[in-house]
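A short write-up of the structure that comes next.
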Amino acid sequence: MSTASVPVGAAALVRRRPPPAVRRQRFLVAVANHSLLIAAAIMFLAPFAFIVLTALMTNDQALSSHLWPHPFRWRNFSDVFHQAPLLRWTLNTMIYSVVATIGVVVSSVPVAYALARLRWRGRNLAFMVVLIALMLPPQVTVVPLYVMWSKLHPFGFHFIGTLWPLIIPNWLGDAFSIFLLRQFFLTIPEEYLDAARVDGCGELRILTTVVLRMAKPAIAAVALFSFLYTFNDFFLPLLYVGENPSHWVLSIGLSEFRSLRQVQWNLTMAATLLVMAPAIVLFFLAQRAFIEGVTLTGVKG
Amino acid sequence: MPYWLILPVLATVGAILGYPLYWLFKLSFERYGLFELIQHKGVGVGWANFGSVIHDPVFWHTLARTVIFTAANVGLTMVLGTLIALLLVQVSSVIRVLLTTGLVLVWAMPPVVAVQVWLWMTNFENGVVNYILTKLHVGDYMQHDWYASTFSMLALVTALIVWGAIPFVVVTVYAGLSQVPGELVEAAEIDGARPWRVFKDVTVPILKPIFLILTSLSIIWDFGVFTQPFLLIGQSRIDTSNYVMGTYLYEQGYFFHDFGRGAAISILMLLMVALLSVFYVRKMVRFDEVR
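Those sequence lines, one after another, are chains R and Y. Quick note on this note's numbering: the first sequence kicks off at 1 and runs consecutively. Quick note on this note's numbering: the second sequence kicks off at 1 and runs consecutively.
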């Protein structure tokens with residue numbers, strides 16, 4: 001509705017101040033809305049504030065009921081590096097997350113494309129299988145996979161205790177990523193693909209030139225999901241490298257940190273902040289692409 | 001039709017599902033403990049693994065507990081997440097930025113980190129939750145041990161999971177709300193619809209695909225959740241009285257090195273998740289046909 005077409009009388013009607021009763025009610029509703037969300041904001045921000053404050057306290061203070069650090073102890077952050085092999089853990093985590101994320105993207109894109117845009121016998125069945133794989137709790141396939149990796153042992157592949165069992169499966173596609181990408185690929189208008197076909201492009205060229213370029217936000221979203229998932233992953237690393245501290249990733253290291261040095265909350269929280277930092281930075285940088293990807297794949301799905 | 005483009009699909013389907021599932025079934029009919037793991041050869045035992053699981057009262061208690069636990073988690077996550085997303089549209093930008101920052105911080109917080117923070121906040125000696133509750137005169141919570149009873153322990157786990165899952169729901173629903181055509185909402189309001197009516201009859205139908213995906217993903221994730229209960233309850237406190245499916249499977253399969261039994265539990269879990277989400281999957285596939 002364009003404002004130009006509204007008759008003058010109607011515009012005046014719209015502009016008129018609503019009666020006091022209505023205004024008071026609107027004001028009360030706004031106050032209620034704001035206080036609810038301020039409470040919610042506190043719920044979400046407070047734990048983070050506690051982490052930061054405790055990370056700056058001395059050990060004695062962290063055990064007291066004071067909430068404000070006095071004096072500020074910035075040394076906690078460097079102490080963490082002396083007390084735990086944080087760099088080693090970070091390196092392991094980065095190897096796992098980065099290599100696995102590249103694998104997820106490289107392997108999931110062609111699969112999603114074939115499921116979304118190519119017509120072939122058994123396509124619906126294959127999609128159903130991907131959906132079932134999506135439904136599987138990760139713990140379910142983990143038992144047979146663990147046994148499978150251990151079976152490779154006599155052939156000279158000593159995979160248990162290394163990061164390989166965590167990385168390799170990601171190079172064979174990831175159900176969640178395939179699902180998101182497929183939903184996105186479905187929204188690309190057929191005309192673009194037909195135009196490329198008329199110009200003599202093969203399906204692979206179409207995928208690498210047309211589709212990949214249009215699907216950047218979705219691919220960014222998938223890469224971010226995958227990076228965060230592997231960065232935060234606790235269950236699989238615990239299973240495969242839990243007994244081999246030189247291959248520990250940050251998530252395991254952090255959960256062991258408390259027991260490693262009897263509970264020193266200030267150092268634990270400082271380590272926590274250091275672990276969170278990369279994820280937070282990445283998140284704020286890539287939030288837009290992330291949300292765009294989620295929306296596009298979600299709404300049109 | 002270039003069939004080699006489909007090849008990755010078939011390889012993937014085989015790799016992520018076919019092979020592990022084949023092994024899972026094979027394993028569930030074998031005795032496969034530490035000894036067999038070293039020998040690389042299981043001993044066939046027929047249905048014994050399933051029998052022992054099904055006749056184990058712990059399994060049924062765990063199942064009932066997990067169903068209630070999942071329903072509470074998913075329900076609270078969806079309702080609170082949607083509510084916050086709806087309110088987010090209504091408030092001033094200062095609050096919106098503040099809350100979004102909080103949501104992103106929580107979203108980016110690894111579960112392991114979140115657990116550490118919650119453990120610290122609920123610590124009975126110097127936990128800040130006890131301190132604040134006492135200061136607010138809710139009651140005397142000094143030295144209150146939140147891990148003393150199973151219910152309060154699992155309620156904490158639920159609070160932790162919901163708290164961590166809300167950001168994803170809020171951001172997705174909030175982004176979805178921007179897709180609801182303003183004219184439809186306006187038209188409904190002119191026809192005299194109250195806010196609840198507008199939400200029920202305009203917003204929900206348009207956002208239905210989003211709600212379906214979010215709910216089904218939440219069910220799948222929460223039914224098998226492991227990290228939060230395992231770490232918050234803690235290995236020393238985990239026992240038959242506070243098992244949920246994730247921790248039950250881990251303890252039975254890995255901790256006791258009984259992989260055959262673990263496989264049997266896995267298959268039963270898979271069947272249950274499939275039953276729970278078959279409705280949603282059918283909806284999703286049908287969506288696809290309508291388009």
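Where is the CB? At the ideal position from N, CA and C, for every residue including glycine. Values in this document were obtained by computation on a predicted structure and should not be read as measured data.
Assigned secondary structure, residue i (DSSP; H/G/I helix, E/B strand, else coil)
i	result
E125 (chain Y)	coil
G44 (chain Y)	strand
E243 (chain R)	coil
R121 (chain R)	coil
R96 (chain Y)	helix
R197 (chain Y)	helix
R73 (chain R)	coil
R237 (chain Y)	coil
R31 (chain Y)	strand
D222 (chain Y)	helix
M276 (chain R)	helix
H34 (chain R)	helix
W68 (chain R)	coil
S150 (chain R)	helix
H137 (chain Y)	coil
M142 (chain Y)	coil
7 Å Cβ cutoff met for residue i and residue j
i	j	result
L276 (chain Y)	I265 (chain Y)	no
S97 (chain R)	T230 (chain R)	yes
G33 (chain Y)	D258 (chain Y)	yes
L267 (chain R)	V80 (chain R)	yes
F283 (chain R)	A108 (chain Y)	yes
L103 (chain Y)	F44 (chain R)	yes
A196 (chain R)	L98 (chain Y)	no
D199 (chain R)	V104 (chain R)	no
V202 (chain Y)	I51 (chain R)	no
Test: residue i CB closer than 7 Å to a CB of chain Y
i	result
V129 (chain R)	yes
L267 (chain R)	no
S226 (chain R)	no
F155 (chain R)	no
T272 (chain R)	yes
I160 (chain R)	no
L283 (chain R)	A quick correction: the sequence has Phe, not Leu, at residue 283 (chain R). It does; some Cβ of chain Y falls within 7 Å.
G254 (chain R)	What sits at residue 254 (chain R) in the sequence shown is Leu, not Gly. So yes, L254 (chain R) belongs to the interface.
Beta-carbon neighbours of residue i, restricted to chain R and to distances below 7 Å
i	result
M109 (chain Y)	M276
T77 (chain Y)	Near T77 (chain Y) there are no residues of chain R at all, since even the closest Cβ is about 14 Å away, more than 7 Å.
R102 (chain Y)	Strictly speaking, residue 102 (chain Y) in this sequence is Gly, with Arg absent from that position. Neighbours of G102 (chain Y) on chain R, chain order: A41, F44, L45.
Y147 (chain Y)	Within chain R, no residue comes near Y147 (chain Y); the closest Cβ sits about 15 Å away, beyond 7 Å.
E20 (chain Y)	What sits at residue 20 (chain Y) in the sequence shown is Pro, not Glu. The contacting residues are T141, P144, L145.
L87 (chain Y)	N33, L36, L37
Candidates the options: closest to residue i by CA position
i	options	result
T54 (chain R)	Y:L80, Y:N126, Y:A108	Y:N126
L86 (chain Y)	Y:L7, Y:D56, Y:V106, Y:V180	Y:V180
W248 (chain R)	R:F155, R:G161, R:I167, R:F77	R:G161
M153 (chain Y)	Y:T101, Y:E186, Y:L231, Y:V53	Y:L231
L217 (chain Y)	Y:A71, Y:F124, Y:Y243, Y:F256	Y:A71
V278 (chain Y)	R:T272, R:P278, R:L136	R:L136
W74 (chain R)	R:A21, R:S107, R:M269, R:R17	R:M269
T101 (chain Y)	R:L37, R:L207, R:A196, R:A218	R:L37
L115 (chain R)	Y:I233, Y:L7, Y:N242	Y:L7
T247 (chain Y)	Y:N73, Y:Q228, Y:I219	Y:Q228
Any chain R beta carbon closer than 7 Å to residue i
i	result
P8 (chain Y)	yes
I84 (chain Y)	yes
V91 (chain Y)	yes
V112 (chain Y)	yes
V244 (chain Y)	no
P181 (chain Y)	no
Q116 (chain Y)	yes
W196 (chain Y)	no
W23 (chain Y)	yes
L27 (chain Y)	yes
Chain R contact residues for residue i, given Cβ-Cβ distances below 9 Å
i	result
F59 (chain Y)	What F59 (chain Y) touches in chain R: nothing, since even the nearest Cβ is about 15 Å away.
L17 (chain Y)	V129, V130, I132, A133, L136, T141, A175
Chain-ordered chain R contacts of residue i [CB-CB under 8 Å]
i	result
T227 (chain Y)	F234, F235
M121 (chain Y)	P47, F50
Within chain C, partners of residue i - CB distance below 7 Å
i	result
V106 (chain Y)	As a matter of chain content, chain C is missing from the structure shown, whose protein chains are R and Y.
Under 8 Å by beta carbon: chain Y residues contacting residue i
i	result
F231 (chain R)	P110
H34 (chain R)	V91, S92, I95
S97 (chain R)	Simply none; closest approach about 11 Å.
Residues that residue i contacts on chain Y, provided the C-beta gap is smaller than 9 Å
i	result
W74 (chain R)	Simply none; closest approach about 20 Å.
I280 (chain R)	V104, L105, A108, M109
Contact list for residue i against chain Y, beta-carbon separation under 7 Å
i	result
L87 (chain R)	Chain Y residues near L87 (chain R): none, gap ~18 Å exceeds 7 Å.
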